[in-house]
Structure formats: C-alpha cells, structure tokens
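Enquirer: Please find one structure pasted underneath; my questions will follow.
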Ligand code: NI
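In our numbering, the protein residues as written are 278 to 457.
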C-alpha cells in the first residue's frame, strides 16, 4: 500500500466527471488499498478517487472509532466502506445544515445543506452489488464524496465558507468537522 498525493482544485481532474469502474482487477485493488491508507493518514473520514487524480467512480468512507461513534454505531465504529459506482436511489426530503471540510481544500470550512438520510446502491471492491442506508453525519459524508465523482465541491453549494483561522459566528457555533 502507498499513500497517494491529494490534489487541489488547481488540478482539473478534481472538476471532471469520473468514469464508471468496470475493471475490478489488481490495479483497482491497489487503488482501493491506497485510498484507504491515504484517507486514514490524512486524516480524513472520506476520500473520492478523483482526489488522488484517478477519474473513476470510487469512494471510501470510514466511521470514526471513537466513543461517540461507538455509542451511535456500536460494532460498526471504525468500519471502512468501499463503494464503486455509488448511486443515491432514495433521499429524504428533510435537509439538514452542517459544517464540512475537504482534504482537497485544506484550511477551509463551509456550511452545507444535505439530505438527512439516503439509500445508496453501489458495488463492493469485488464488483458485487449492495445497498446501504445512511443517516445524519454518515449520510453527509457519502453525499460529499459522491459529489466529488461529478466534479462538484462543497464550496459550490455552501451557504457560507470561511477559513480555519477566521473568527466567524458560524465557526464559533459549530463543532470542527473531520475532512472529507
Ligand atoms: Ni472532499
């Protein structure tokens, strides 16, 4: 496994629509392993393949392994999800506002509306289809990562963006999020 470089918005790959994954061979398996390692090292809670300059529809997401997650997710805390060709097939009408950050835009935060809950369909690392329901914080991370596959960044849809070292009313109100 290897840690890959995370690209910034000056690299056009971050703004491109990514291609569907069709080959689940050795190169793809290495990409998955590298992305998980890169996400954990960053540290981040999610990473999309375009962020490591690979224009493929692949995301990795992890639930943090801390006390709060253990309470909310039980044994699922610390679990890593790998989803190829993810599609949101159901989304709650209810939207929730929350603070996001992105590993490709270090030092910034933004306030973003997301669906409170979603149902996701995708392929696992072996190409087998599965579905997943996510709500709250986890649903937010998946939506953020899937946006990356269409070249969309949270700053495009945020109602407010601020720098880490900026003292704003929003920044004071909100907990510091993990980067995605
Ligand atoms: Ni991101």
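Here a beta-carbon is modelled for each residue, glycine too, at the ideal position from N, C-alpha and C.
1. Can you tell me whether residue 374 is buried or exposed, with buried defined as 16 or more other CB within 10 angstroms of its CB?
2. Spatial neighbours of residue 304 within its chain, please: C-beta separation below 6 Å, excluding the five flanking residues on both sides.
3. Would DSSP call residue 305 helix, strand or coil?
4. In terms of residues, what are the limits of the alpha helix (DSSP H) holding residue 424?
5. In this structure, does DSSP put residue 442 in helix, strand or coil?
6. Does the separation of the CB atoms of residue 336 and residue 360 fall below 8 Å?
7. Contact defined as beta carbons within less than 8 Å: I believe residue 284 pairs with residue 346. What is the distance between those atoms, to the nearest angstrom?
8. Using a Cβ-Cβ cut-off of 6 Å (strictly less than) and excluding sequence neighbours within five positions of residue 362, which residues of its own chain qualify?
9. Taking all protein chains shown into account, decide if residue 407 is buried (16 or more other Cβ within 10 angstroms of its Cβ) or exposed.
Expert: Judging by the given coordinates:
1. exposed
2. none
3. helix
4. 413-426
5. coil
6. yes
7. Not a contact, Cβ separation roughly 28 Å.
8. 297, 298, 334, 399, 400
9. exposed
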